[in-house]
Amino acid sequence: MSATYGELLAAAADAVAEAILAVGRRRFDSPVDAAQALVDFHGLLDALAGHTWVLLTPEQAEGVRASQGPHRVEVAAIAMAEAIGTLTGSGRPNPALHTEPVTSWARAARCLRAAGDLLATHHNPGHGPRSPDADILDDADVRASALSRLGHLTVTLLDAEDTLALRALQTGLHPATVRRVLPGLTHIADLARTTAGIETTEPVAPGGAAGPASDAAAGLARLDNLGLVTPPIRTDHPVAELTDRYTRVRLHAWQLLETPDYSITTLRDLAVLGVATHAHTAALHGADLTRPDAPNRLLKPLLDRARAWQALHHTLTGLITAGPGDAVIREDLIAITRILQTLAPITTTAPPGGRTAGLDRPLAEALNGAIATMTDIARWNSITLDRLARSGHVHVPGRALTGEQVTDRPDLATARLTGHLAPAPDENRRAVTATYQTLRTHPFQPNPPAAEPAAGIDHTADARVITRAAQSGAR
Amino acid sequence: MVTWDESAKVLVERADADWEGIWTLTYAAGRATDDLAVVSPMADAVELTYAAMDLCEAREELEWVRPDLPARCPAVTVGPPDNLDADSARDAVSRLITAALARTEALLGCDLDLADLACLTRTTTQLHSARRIVHGTAGTATTNRGRA
Chain A
1 MSATYGELLA
11 AAADAVAEAI
21 LAVGRRRFDS
31 PVDAAQALVD
41 FHGLLDALAG
51 HTWVLLTPEQ
61 AEGVRASQGP
71 HRVEVAAIAM
81 AEAIGTLTGS
91 GRPNPALHTE
101 PVTSWARAAR
111 CLRAAGDLLA
121 THHNPGHGPR
131 SPDADILDDA
141 DVRASALSRL
151 GHLTVTLLDA
161 EDTLALRALQ
171 TGLHPATVRR
181 VLPGLTHIAD
191 LARTTAGIET
201 TEPVAPGGAA
211 GPASDAAAGL
221 ARLDNLGLVT
231 PPIRTDHPVA
241 ELTDRYTRVR
251 LHAWQLLETP
261 DYSITTLRDL
271 AVLGVATHAH
281 TAALHGADLT
291 RPDAPNRLLK
301 PLLDRARAWQ
311 ALHHTLTGLI
321 TAGPGDAVIR
331 EDLIAITRIL
341 QTLAPITTTA
351 PPGGRTAGLD
361 RPLAEALNGA
371 IATMTDIARW
381 NSITLDRLAR
391 SGHVHVPGRA
401 LTGEQVTDRP
411 DLATARLTGH
421 LAPAPDENRR
431 AVTATYQTLR
441 THPFQPNPPA
451 AEPAAGIDHT
461 ADARVITRAA
471 QSGAR
Chain B
1 MVTWDESAKV
11 LVERADADWE
21 GIWTLTYAAG
31 RATDDLAVVS
41 PMADAVELTY
51 AAMDLCEARE
61 ELEWVRPDLP
71 ARCPAVTVGP
81 PDNLDADSAR
91 DAVSRLITAA
101 LARTEALLGC
111 DLDLADLACL
121 TRTTTQLHSA
131 RRIVHGTAGT
141 ATTNRGRA
């Protein structure tokens with residue numbers, strides 16, 4: 001069972017609410033229970049501070065401190081985390097971690113720490129990206145939203161301070177002990193309120209907030225859906241398996257950017273996956289794929305993209321590289337196509353009114369996600385292939401060259417005559433790049449995503465690569 | 001204009017019963033399957049793309065033990081996919097695959113080392129799988145390609 005970041009935060013919030021409810025409704029059974037609650041309360045505060053440093057790395061914090069126009073939420077979050085750190089001390093591990101979590105405070109702390117660990121799996125020890133989603137917190141608005149949510153949780157938690165102190169005193173704990181642990185945390189609560197943006201009174205710039213706000217909301221949703229980098233493949237339900245396998249394919253396709261396998265086979269397999277994904281999704285939504293004409297206007301973009309992936313496969317088939325394909329991608333491709341043939345067969349005739357009424361919603365969601373995944377993959381594969389070609393790893397059989405291609409190229413003419421391998425002509429590479437370009441945007445998203453930074457990808461480098469490709473194509 | 005069927009017949013007649021012959025037939029079959037997929041309705045195109053993938057894999061299996069094959073063998077196709085009759089085109093592709101399979105079986109009777117044996121076994125599996133798609137279950141989207 002693997003959880004997402006959002007699920008872990010929701011579980012932490014639930015546990016805090018449960019703990020506050022319990023401490024408000026009844027006394028502790030014994031001083032030991034009260035002492036445990038105090039320890040765990042501190043442990044939760046420590047976890048909140050620790051999670052702040054997960055969302056905001058020390059380097060980013062330094063940047064905020066040095067900035068002349070820092071984000072207000074980030075400044076407050078840093079102050080809040082530092083104030084909590086002063087209270088809970090720097091001893092590690094925190095005393096609350098010495099025992100198994102029993103109280104709801106401790107359960108909340110465990111969920112928060114797990115959420116931090118989950119995010120950490122997306123980076124390597126040098127904070128480099130390990131997944132395409134590692135950049136999610138690089139967006140200042142998303143980071144501020146996540147910190148704000150943490151501020152809300154801290155405010156809620158600190159609201160219970162007085163009640164907890166009262167219950168602890170009722171059990172007979174020494175007042176000095178209680179005062180030491182709960183000395184009055186109003187200053188932290190104030191910082192938490194600022195972090196949460198509760199007392200925000202600043203007017204919103206007219207016409208300027210809708211875009212960034214919706215982008216931040218989309219980014220926060222992406223953050224909440226984040227799971228482990230390499231989750232196990234769930235095979236108990238076909239839709240869950242489908243989702244997990246697409247996630248793994250996405251990760252491996254992204255990894256090709258950093259660690260290329262020098263194989264056109266992998267790119268070809270991904271093109272096959274693109275054909276299958278779009279064709280089966282169209283079939284799920286009621287397209288009759290047995291006729292050459294498009295079933296309806298709404299599904300045409302899907303079929304156009306299926307054809308584009310097919311054209312890509314056709315072009316890639318003519319290219320030769322030395323490296324073997326990615327075995328994991330091949331395994332996932334085979335498993336995915338089998339599942340799709342079962343769940344969304346492409347020759348089942350749809351009812352006249354379409355298939356929407358009986359649409360399998362979870363499957364439709366999974367396939368819509370798969371189309372977004374294939375869009376990402378097209379973007380990355382374009383760069384992968386370009387790098388492969390530029391490093392001289394892509395060849396074509398000499399006899400496959402046309403007369404036009406060998407004109408003014410003695411090396412290609414020789415290869416054509418002898419039948420030997422020749423470097424892939426620019427024309428072939430341009431054809432592939434052009435097709436990838438058409439697949440880089442989502443079929444139902446008219447404009448490219450607004451400045452969405454792809455994880456681990458240097459967009460400047462990306463732009464340079466594409467520009468170079470265009471320039472060399474023009475030569 | 002020469003039809004795919006005629007080109008396939010010539011290729012089958014002239015391809016030798018050795019590694020080079022198998023590679024040439026597999027290459028031609030793969031390109032033809034891909035070409036056919038481009039002009040077929042999407043239901044068939046998806047299946048044919050799977051078959052083309054199998055044929056590519058079969059070819060790469062051969063190249064894994066004989067890396068010089070792409071540089072030595074004639075990479076020929078059966079022609080452009082213009083005015084194709086789908087059924088006869090499938091027959092032509094099937095003919096090429098069958099010929100490649102026959103040569104593979106003949107080669108299995110020769111003195112081979114373990115790597116060659118393993119390669120030919122995997123190649124045979126992929127060729128059978130592709131032939132089943134191209135000829136057996138065309139357009140029914142019920143492919144069970146036998147690749148575990």
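Chains A and B, in that order, are what the protein sequence lines are. Each step along the first sequence adds one to the number in the working numbering, with nothing skipped, and position 156 is 156. Each step along the second sequence adds one to the number in the working numbering, with nothing skipped, and position 143 is 143. A virtual CB, placed ideally from N, CA and C, is assigned to each residue, including glycine.
Q. From which residue to which residue does the alpha helix (DSSP H) around H127(A) run?
A. If you look at H127(A), you'll find it isn't in any alpha helix (DSSP H); DSSP assigns it neither H nor E.
Q: Thinking V134(B) and I97(B) are a contact (beta carbons under 8 Å), I'd like their distance in whole angstroms, please.
A: About 7 Å separates the two Cβ atoms, so the contact holds.
**Q.** Sequence-distant residues of the same chain with beta carbon closer than 7 Å to T337(A), five excluded per side
**A.** Sequence-distant Cβ neighbours of T337(A) in its own chain, meaning closer than 7 Å and more than five residues away, are A276.
Q) Who are the Cβ neighbours of D54(B) in its own chain at under 6 Å, not counting the five residues just before and after it? A) Contacts found: Q126, S129, A130.
Q) Exposed or buried, T407(A), counting other C-beta atoms within 10 Å across all chains shown (16 or more means buried)? A) With fewer than 16 neighbouring CB atoms inside 10 Å of its own CB, T407(A) falls in the exposed class.
Q. Using the beta-carbon count (16 or more within 10 Å), is L481(A) buried or exposed?
A. Because chain A spans 1 through 475 in this model, residue 481(A) falls outside it and cannot be assessed.
Q.
Quick check on A422(A): does DSSP put it in helix, strand or coil?
A. DSSP places A422(A) in strand when its eight states are reduced to three.
Q.
Taking beta-carbon pairs under 9 Å, can you tell me which members of the segment 389 to 401 of chain A lie near chain B?
A. Residues of the segment 389 to 401 of chain A whose Cβ lies closer than 9 Å to any Cβ of chain B, in chain order: H395, V396, P397, G398, R399, A400.
Q) For W64(B) and chain A, any beta-carbon pair shorter than 9 Å? A) With 9 Å as the cut-off, W64(B) counts as an interface residue toward chain A.
(Q) Taking 9 Å as the threshold (C-beta atoms), are A422(A) and H395(A) in contact? (A) Cβ atoms of H395(A) and A422(A): closer than 9 Å.
**Q.** H314(A), buried or exposed, once every other Cβ within 10 Å from all chains shown has been counted against 16
**A.** Looking at its Cβ environment, which holds 16 or more other Cβ atoms inside 10 Å, H314(A) is buried.
Q) Would you call C111(A) buried or exposed, if buried means 16 or more other Cβ atoms sit within 10 Å of its Cβ? A) Buried: at least 16 other Cβ atoms inside 10 Å.
Q. What is the DSSP secondary structure of G6(A), reduced to helix, strand or coil?
A. Here G6(A) sits in helix by DSSP.
Q: Identify which residue in H187(A), L226(A), P410(A) has its Cα closest to the Cα of P132(A).
A: For the residues H187(A), L226(A), P410(A), the minimum Cα distance to P132(A) belongs to L226(A).
Q: For the alpha helix (DSSP H) containing H395(A), list its first residue and its last residue.
A: DSSP places H395(A) outside any alpha helix (DSSP H); the residue lies instead in the beta strand (DSSP E), whose first and last residues are 395 to 397.
(Q) Am I right that L333(A) and L363(A) are in contact with their C-beta atoms under 8 Å? What's the rounded C-beta distance? (A) Actually they do not touch by this definition, with Cβ atoms about 18 Å apart.
Q.
Against chain B, which members of the segment 297 to 317 of chain A pass a CB distance test of less than 8 Å?
A. Within the segment 297 to 317 of chain A, the residues whose Cβ lies closer than 8 Å to some Cβ of chain B are L303, A306, R307, Q310, A311, H313, H314, T317, listed in chain order.
Q | C-alpha gap between R107(A) and P31(A), whole angstroms | A | Going by the C-alpha atoms only, they are around 20 Å apart.
Q: Indicate whether at least one CB of chain A lies closer than 9 Å to the CB of V10(B).
A: Chain A contact via Cβ: absent.
Q. If contact means a Cβ-Cβ distance below 9 Å, which residues of the segment 70 to 93 of chain B contact chain A?
A. Against chain A - using a Cβ distance shorter than 9 Å - the residues of the segment 70 to 93 of chain B are P70, A71, R72, C73, P74, A75, V76, T77.
Q. Can you find a C-beta in chain B that's less than 9 Å from the C-beta of T337(A)?
A. Chain B contact via Cβ: present.
Q. If you drop the 5 nearest sequence neighbours on each side, which residues of the same chain put their C-beta closer than 6 Å to that of S7(B)?
A. Leaving aside the five residues that flank S7(B) on each side, the residues in its chain whose CB is nearer than 6 Å to its CB run, in chain order, V78, G79.
Q: Kindly indicate which three-state DSSP category H174(A) falls into: helix, strand or coil?
A: H174(A) sits in coil when the DSSP states are folded into three classes, being neither helix nor strand.
Q: Give a yes or no on whether the C-beta atoms belonging to A77(A) and G151(A) are separated by under 9 Å.
A: Yes, the Cβ-Cβ distance between A77(A) and G151(A) is below 9 Å.
(Q) So for H123(A), helix, strand or coil by DSSP? (A) H123(A) falls in the strand class under three-state DSSP.
Q: Decide if the segment 41 to 60 of chain A is in contact with the segment 96 to 103 of chain A; the criterion is three or more beta carbon pairs, one per stretch, under 8 Å apart.
A: With contact defined as three or more Cβ pairs closer than 8 Å, the segment 41 to 60 of chain A and the segment 96 to 103 of chain A are in contact.
**Q.** Inter-residue Cα distance where the pair is D44(B) and R113(A)
**A.** Approximately 51 Å between the Cα atoms of the pair.
Q) Does the Cβ of C110(B) have 16 or more other Cβ atoms within 10 Å, making it buried, or fewer, making it exposed? A) By the 10 Å Cβ count, C110(B) comes out exposed.
Q | Residues within the segment 412 to 433 of chain A neighbouring chain B, beta-carbon criterion of under 8 Å | A | Listed in sequence order: G419, H420, L421.
Q. When we look at the beta-carbon of G69(A) and count the other beta-carbons within 10 Å, is it buried (16 or more) or exposed?
A. G69(A) should be labelled exposed.
Q) Can the beta-carbon of Y246(A) be found closer than 9 Å to that of G369(A)? A) Cβ distance < 9 Å, so Y246(A) and G369(A) count as in contact.
(Q) Using a Cβ-Cβ cutoff of less than 7 Å, which residues in the same chain neighbour Q170(A) once the five nearest sequence positions on both sides are dropped? (A) Leaving aside the five residues that flank Q170(A) on each side, the residues in its chain whose CB is nearer than 7 Å to its CB run, in chain order, R27.
Q. If we count the other Cβ atoms within 10 Å of its Cβ and call it buried at 16 or more, is V102(A) buried or exposed?
A. By the neighbour-count rule (16 or more Cβ atoms within 10 Å), V102(A) is not buried but exposed.
Q) Which residues share a DSSP beta bridge with I320(A)? A) H395(A).
Q. Going along chain A in order, which residues have a C-beta closer than 7 Å to the C-beta of G30(B)?
A. T317, listed in chain order.
Q.
Quick check: the Cα distance between T243(A) and R250(A), rounded to an integer number of angstroms?
A. One Cα belongs to T243(A), the other to R250(A), and the distance between them is close to 11 Å.
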